[in-house]
Amino acid sequence: MENEAPAAAKKVNLRRPDIMEAVQAQVVNHYRSDLVNRIRQNGGVLSMPGRLTVKLAKEFGFCYGVERAIDLAYAARQVFPPPTRIFLLGEIIHNPEVNRQISDMGIVSVSPKPDDAELAGLHLNSADVFIIPAFGTEVSTRRKIEALGCQTVDTTCGDVMSVWKRVRQYSKETVTSIIHGKAWHEETMATSSQARAYGSGHYLVVFTLAETDYVCNYILNGGNKEEFLAKFQGAYSEGFDPDQHLSAVGVANQTTMLRGETEEVQRRLRQAMTQKHGIANLEQHFRFFDTICGATQDRQDALEKLLLQPLDLLLVIGGYNSSNTSHLAEMGEAKLPTYFIKNAAKMEDDKLIHHYNQHTKLEDKTPNWLPPGNTTIGITAGASCPNNLIEDVIRRVFELRGISVQELLAG
Ligand code: SF4
């Protein structure tokens, strides 16, 4: 049943050892960093005593899902050289540097959810290839592309597919999926589409604890349906009715949320359902499944440990639309001056840094960000950030202090 395709669809399996071996060198060449590897081997610390110390989180950067997606995109180009056309639904992952490399290989990015007009404009034929990104795609988009007879290279991460499986199960049991995530994020859109595609369930996406409390209150006391639907516009399935479809709910989440927050969403909904239906009947009305991915969890745990050490500031490196990176920045912000940057160029000089403010969705400029005197900087990076970008940032901070990393390593 899972993602069944019409006979015309051709799903291409590129994970053959001969193909993967051939692309490894290319991938490593684009994204590796000897400096980062060396610092990791030295316990994650690079220091010029008395002047500047950089401490890396124990886990950061590329996760297995991202590595796999990039490998597959490179493999697709290898197996389907020009003039075969390769299209990518949106971005392969949320990192501008990686997306630039993919585009340089002649892989053309189209909308994450192309409509009929956009697809018609591409004049597709059965030789064309579509890459599905790491966060997956909506069921309707997948079906459309398959129906056109194009070849597909599916890079959807296995951890995302585990969430889909859970949501489909809820749906088959007519349980509404309450998805803790960002309704506008590709992964959550793909996940929520699973709720309607294979069963009779609905979905509702909640992003904040305040939204969760609103839903809990509605479960317990009812409320104004129009207000509910207006508040969650764009975040529920067609035909969703809070008066009918909140009587049995199952919680799932976007894989890259903050674990503590997801646990709190589960706890509050469970409490509301217990209060409403009684503990003896809870099983019929409430389900949950922890779907935070291991890589996200490892990066959050490692940052938590790094933040226990004395640091003057934290640099978080990653694409501004990367969900897991934004949560790392959020963790830092709660403790110390934190700058979310997408590359080393954002550090204009030691007096000025340009950094992303995820609350306003704009880049801020902060003067005098690098304190004088002996400074310790913590560094982490999201699961979609390649090591070469992390190296650039490390080199830049030392350069701003007039220290050559080359000489430091030699000495
Ligand atoms: S962050 Fe997690 S779910 Fe997303 S690609 Fe990486 S391993 Fe997969």
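Residue numbering for the sequence shown follows my numbering, starting at 184 and increasing by one per position.
For every residue, glycine included, the Cβ atom is placed at its ideal position computed from N, Cα and C.
CA-CA distance, residue i and residue j?
i	j	result
Ile577	Met203	31 Å
Val262	His468	49 Å
Phe243	Ala564	5 Å
Cys333	His306	11 Å
Arg584	Ala208	34 Å
Asp254	His460	49 Å
Ala252	Asn464	43 Å
Gly319	Thr508	19 Å
Phe313	Ala259	9 Å
Gly422	Phe415	13 Å
Asp311	Asn196	15 Å
Arg349	His213	36 Å
Met344	Asp532	43 Å
Arg283	Leu403	49 Å
Arg453	Glu410	23 Å
Asn308	Glu301	14 Å
Ile573	Ser292	25 Å
Phe390	Asn400	16 Å
Asn186	Tyr381	A caution first: Asn186 carries a pLDDT of 43, below 50, which makes its placement in the model too unreliable to give a value.
Leu545	Tyr539	6 Å
Gln458	Gln492	42 Å
Arg326	Ile275	19 Å
Arg470	Val434	6 Å
Ile560	Arg579	12 Å
Could you check what DSSP says for residue i in three-state terms: helix, strand or coil?
i	result
Met203	helix
Phe523	strand
Met184	Confidence in Met184 is poor, its pLDDT being 38 and thus under 50, which makes the residue's placement too unreliable to answer from.
Lys238	strand
Ser567	coil
Thr324	helix
Tyr257	helix
Thr438	coil
Leu498	strand
Gly248	helix
Ile276	coil
Lys459	helix
Gly594	coil
Asp298	coil
Who are residue i's beta bridge partners in DSSP?
i	result
Ser360	Tyr386, Gly433
Arg470	Gly433
Met530	Ile536
Val291	Phe270
Thr561	First, the amino acid is wrong: residue 561 is Gly here, not Thr. According to DSSP, Gly561 bridges with Lys238, Leu497.
Hey, quick one: how far does the alpha helix (DSSP H) through residue i stretch, first residue to last?
i	result
Tyr353	341 to 355
Leu376	In the sequence under discussion, the amino acid at residue 376 is Ser, which differs from the Leu named in the question. Run containing Ser376: 369 to 380, per the alpha helix (DSSP H) assignment.
Ser509	506 to 516
Leu486	477 to 489
Glu280	279 to 287
Asn220	217 to 224
Asp396	392 to 404
Tyr413	It should be pointed out that residue 413 corresponds to Ala in this sequence rather than to Tyr. First-last of the alpha helix (DSSP H) with Ala413: 408 to 414.
Under DSSP, the beta strand (DSSP E) around residue i begins and ends at which residues?
i	result
Phe270	269 to 272
Asp424	That residue, Asp424, is in no beta strand (DSSP E); it is neither H nor E in DSSP.
Thr597	Coverage of the chain is limited to positions 184 through 594, which leaves residue 597 absent and any answer about it impossible.
Leu553	Neither: Leu553 is in no beta strand (DSSP E) and is coded neither H nor E.
Leu307	Taken as a continuous stretch (DSSP letters only), Leu307 belongs to no beta strand (DSSP E), as it is neither H nor E.
Ser230	228 to 231
Residues proximal to the ligand SF4 by C-beta, any heavy atom closer than 6 Å: Listed by chain position, these are Cys246, Tyr247, Gly248, Val249, Ala317, Cys340, Asp342, Val343, Thr438, Thr439, Cys476, Ala478, Thr479, Asn507, Ala566.
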